[in-house]
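Input: a single structure, listed below in structure tokens.
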Amino acid sequence: MKYKDIPEYLRASEFYLNLDPLGAEFDIPFDIPEEIINNMEDFTKMYKIINFFGAKYPDLMKSYWVNNSFEIMKKYLDFSSENREMFEQFISYEINNFQQFESIYKLIGFYNFFPSDNYVEYGLKNKNEYIGKNTNSLSEELKNTNQIEIKWEIHYNLRYSNLYFYIYFKSNGFLFSKKIEERFISLKDLDEIIDDYEIIIHYLKHKNFSEDLDRGPINILKKNVCFENSLFDNNNERYSFELKITDFNSKIISKYLLDMFSEILEKLNYLKKEKYNS
9 MKYKDIPEYL RASEFYLNLD PLGAEFDIPF DIPEEIINNM EDFTKMYKII NFFGAKYPDL
69 MKSYWVNNSF EIMKKYLDFS SENREMFEQF ISYEINNFQQ FESIYKLIGF YNFFPSDNYV
129 EYGLKNKNEY IGKNTNSLSE ELKNTNQIEI KWEIHYNLRY SNLYFYIYFK SNGFLFSKKI
189 EERFISLKDL DEIIDDYEII IHYLKHKNFS EDLDRGPINI LKKNVCFENS LFDNNNERYS
249 FELKITDFNS KIISKYLLDM FSEILEKLNY LKKEKYNS
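In the numbering used here, the protein residues as written are 9 to 286.
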């Protein structure tokens, strides 16, 4: 790049002032020398340099984000690709305070980002303190996050052409159980069932809890799923269990379900081989 091609709005920066004006050209840098950032004016100068050269965001900008996330979001939160990329880098940075935590929550919703491990771990670690100090949508999500353990049993019968499995949900000491059964009269029926499971596994592998997935043996990819207990009762009364999927438990739930549906798919393919290909 030629020295004279740098736009006027970058010429007050230390980066520009440290260039050799006698050189006809210079290499476009990937790493921009860091400048001290004391306020939003300094941040904005650095932001313009980074975006002009397409360089990566330095640690000093990320450090400024930690304690000034509201201010940065107020200025830069929009649907431009540059700002989306900046915030996508910032949300994985270490979280040190509730303001930063809330900012990341808003960014996840605004850009549909997948929550980082840092965000999930910080939320679960500081759940009680945050709920005690705040009343908002984030505190409600934390309050409604169930720590869930999922187990399952799979059974099948070649003679009667069926496969059924029990899903056991355990949350806060409460056990809920659900029986799911698949019956197939023909090879076509079985292939359709296998397709359903493959679709669910695809969604789970891509961490996508879809609101639109209507196919499948169990519509478990909704954000909130309520199941009527079909195996147990409490004083002969029917009761139900609501599986609440939030950003703070979706990863572990996804892992449980992926393992379960993968094992079921393996059994279905085995049934297909034994019953129709032998």
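Every residue gets a Cβ at the ideal spot worked out from N, C-alpha and C, and that includes glycine.
- Note on geometry: alpha-carbon atoms of Ile80 and Tyr130 lie some 21 angstroms from one another.
- Rounded to the nearest whole angstrom, the CA to CA distance from Ile57 to Asn120 is 27 angstroms.
- Asn136 is classed as exposed because its beta carbon has fewer than 16 other beta carbons within 10 Å across all chains shown.
- Per DSSP, Tyr168 lies in no alpha helix (DSSP H) segment and is marked neither H nor E.
- Under the 10 Å beta carbon count, Gln108 is surrounded by 16 or more other beta carbons and is classified as buried.
- Rounded to whole angstroms, Leu183 and Leu150 show a C-alpha spacing of 21 angstroms.
- For Leu183, the beta-bridge partners assigned by DSSP are Lys178.
- The Cβ atoms of Glu282 and Leu166 sit closer than 8 angstroms to each other.
- One alpha carbon belongs to Leu212, the other to Asn105, and they sit about 31 angstroms apart.
- Taking the C-beta atoms as reference points, Tyr172 is found nearer than 8 angstroms to Ile188.
- In this structure, Ile156 keeps its C-beta atom at 8 angstroms or more from the C-beta atom of Asn285.
- Of the other Cβ atoms in all chains shown, 16 or more fall within 10 Å of the Cβ of Phe95; this residue is therefore buried.
- Burial of Leu198 is indicated by the presence of at least 16 other C-beta atoms within 10 angstroms of its C-beta.
- By the C-beta density criterion, Ser88 is exposed, having fewer than 16 other C-beta atoms within 10 angstroms.
- DSSP places Thr52 inside the alpha helix (DSSP H), whose first and last residues are Met48 to Phe61.
- Lys252 is positioned such that its CB atom lies closer than 8 angstroms to that of Asn154.
- For Glu189, the beta-bridge partners assigned by DSSP are Tyr172.
- Buried is the label assigned to Asp204, since at least 16 other Cβ atoms lie within 10 Å of its Cβ.
- DSSP places Gln108 in the uninterrupted alpha helix (DSSP H) bounded by Phe106 to Tyr119.
- Take Ile260, set aside five residues on each side of it, and no residue of its chain has a beta-carbon closer than 6 angstroms to its own.
- Distance from the CA of Asn76 to the CA of Lys263, rounded to the nearest whole angstrom, comes to 35 angstroms.
- The C-beta distance from Tyr113 to Val74 rounds to 15 angstroms, too long to fall under 8 angstroms, and the pair is not in contact.
- Per DSSP, Asn154 lies in no alpha helix (DSSP H) and is assigned neither H nor E.
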